[in-house]
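Reviewing the structure listed below.
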Amino acid sequence: MISLNLVQRIAVSCSLAVPLAFPQSVPGVTYVDQPKGIDLATLIRMWPNLQIYAGLLARGEGTEVRKSLETRAAARSASIGEFNLLAQLEWQHGDLEQADAAIAHALARGPNNPLNTFQQAMVNFAHLRRATNVFDRWIWQRRTREAYARTFALDPKNVSARYYLIYSYLNTPPLLGGDKGKALELAEGGIVLGQKEFYSVRADVHRERGERQAAAADYDTAISLKVIKLGGLVDAAQQAIGLGEMDRAKKYLEFAIYCRSDASSPFEALGDYYVRLNNKTEAAKYYQLALLKDPGFNKYPEKPIRNAEKLRSLQK
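The sequence shown begins at 405 in the numbering used here and counts up by one.
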């Protein structure tokens, strides 16, 4: 297991770096999170004519591909696969209205293709992330869930669809359709299919159901398989700190920082860990690192404010 000395070296080296534009990715680690898109190889297997764009995309010339596809779409000469790829490039670029139009064309010509419904789910989720008021968020959350449910019905092996539905059941109040039993059933179904991502997901479900021993066993299995869902593991570490299970908290946070030394949340949790051990010097160090690493000061101001307040409390 990774030592805290290594964690500290990672912390110091990363504190000198510019925050990463994209989450850190360690070779050999499987990250469980929202999808960033459909990989080109999968799209090409479904639509071989997309092979002509592979070279350009591999060279980082996505803008040229997007403009070419926009021209073909405007001339009504784009294929289903081209509309799907265009939708992906548009939402990744932030042009959500263009993405809506492109995926609508793909769905009109291939309504039962799981890659089209999957792409629609990602477009909808991009809208959800951008939405600011409660009503808009509710609308896009519902549309995202519907698209993922449709994707899952067409392709039960789709990891992202199963993942989204599990957390939808887990985080929704029972009166509004939440069902922790259904979440557990879906997580176990993914494990039966050999999808190791769902050990970390099932751990979260067990924890939310109050099944601490089962959750701990699944977190341990996920760590042994180098699988991480950052938010869930940090939450589990915080729970362990609150219960005085310091060795377990340490294990979780060491792995979290090994996998995501660019993220602020495991450093904040390490600060809490040292507060519980009454080591204010180390606690202050990690709260400061959490402040330095958080690139979302403007989007999530409560996070740096919370860490700053923790720092001030140590100085009293």
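For each residue, glycine too, the CB sits at the ideal point set by N, CA and C. If you're wondering where the values come from, they're calculated on a predicted model, not measured in any experiment.
Residues near residue i in its chain [Cβ-Cβ closer than 6 Å; skip 5 each side]
i       : result
Val-436 : Glu-601, Ser-604 and Lys-633
Ala-445 : none
Gly-432 : Lys-630
Gln-502 : Glu-494
Arg-664 : Gln-428 and Leu-634
Asp-559 : Pro-518
Which listed residue (the options) has its alpha carbon closest to that of residue i
i       : options                               : result
Arg-449 : Gln-643, Ser-572 and Asn-517          : Asn-517
Phe-529 : Glu-550, Leu-590, Leu-460 and Ala-688 : Glu-550
Arg-716 : Leu-696, Asp-698 and Lys-684          : Lys-684
Tyr-656 : Ile-543, Arg-547, Ala-621 and Ala-510 : Ala-621
Ile-627 : Glu-615, Ala-607 and Gly-614          : Ala-607
Tyr-567 : Ala-591, Arg-616 and Arg-710          : Ala-591
Val-596 : Lys-561, Glu-615 and Arg-616          : Lys-561
Gly-646 : Glu-615, Arg-680, His-509 and Tyr-662 : Arg-680
Within 8 Å, strictly: CB atoms of residue i and residue j
i       : j       : result
Val-469 : Ala-491 : no
Val-609 : Leu-574 : yes
Tyr-677 : Ala-653 : yes
Asn-488 : Gln-438 : no
Gly-498 : Trp-451 : no
Ala-644 : Gly-675 : no
Pro-427 : Asp-666 : yes
Ala-535 : Trp-544 : yes
Thr-576 : Gly-585 : no
Asn-355 : Ser-481 : What is shown of the chain runs 405 to 720, which leaves residue 355 out entirely.
Val-563 : Gln-599 : yes
Per DSSP, cross-strand counterpart(s) of residue i
i       : result
Thr-434 : Val-631
C-alpha distance - residue i paired with residue j, whole-angstrom precision
i       : j       : result
Asp-504 : His-531 : 10 Å
Leu-718 : Glu-672 : 14 Å
Ile-507 : Ser-429 : 29 Å
Glu-494 : Glu-649 : 46 Å
Gly-594 : Ala-479 : 42 Å
Ala-477 : Gly-466 : 16 Å
Gly-464 : Ala-458 : 10 Å
Thr-548 : Pro-515 : 16 Å
Ser-669 : Tyr-691 : 10 Å
Arg-533 : Arg-541 : 8 Å
Leu-511 : Ala-525 : 12 Å
Phe-659 : Gln-496 : 29 Å
Ala-462 : Thr-555 : 27 Å
Thr-625 : Glu-474 : 46 Å
Leu-696 : Arg-513 : 48 Å
Ala-565 : Ala-557 : 9 Å
Arg-710 : Asp-698 : 12 Å
His-509 : Ala-688 : 54 Å
Lys-714 : Asn-682 : 14 Å
Arg-546 : Ile-570 : 14 Å
Phe-539 : Lys-440 : 25 Å
Gln-471 : Glu-615 : The sequence given here has Lys at residue 471, not Gln. Answer to the nearest angstrom: the Cα atoms are 51 Å apart.
Cβ shell of residue i (< 8 Å), same chain only, five flanking positions each side left out
i       : result
Arg-611 : Ala-619, Gly-636, Asp-639, Ala-640 and Gln-643
Leu-588 : Arg-606, Val-609, His-610 and Arg-613
Leu-434 : Note on residue identity: the sequence assigns Thr, not Leu, to residue 434. Contacts found: Lys-600, Glu-601, Leu-629, Lys-630, Val-631 and Ile-632.
Leu-500 : Glu-494, Val-527, Ala-530, His-531 and Arg-534
Pro-578 : none
Asn-537 : none
Chain-order list of residues whose beta-carbon lies under 7 Å from that of residue i (same chain, five-residue window excluded)
i       : result
Ile-442 : Gln-492, Leu-519, Phe-522 and Gln-523
Glu-686 : Tyr-678
Gln-455 : Ile-448
Ser-572 : Arg-549
Leu-460 : Glu-468 and Val-469
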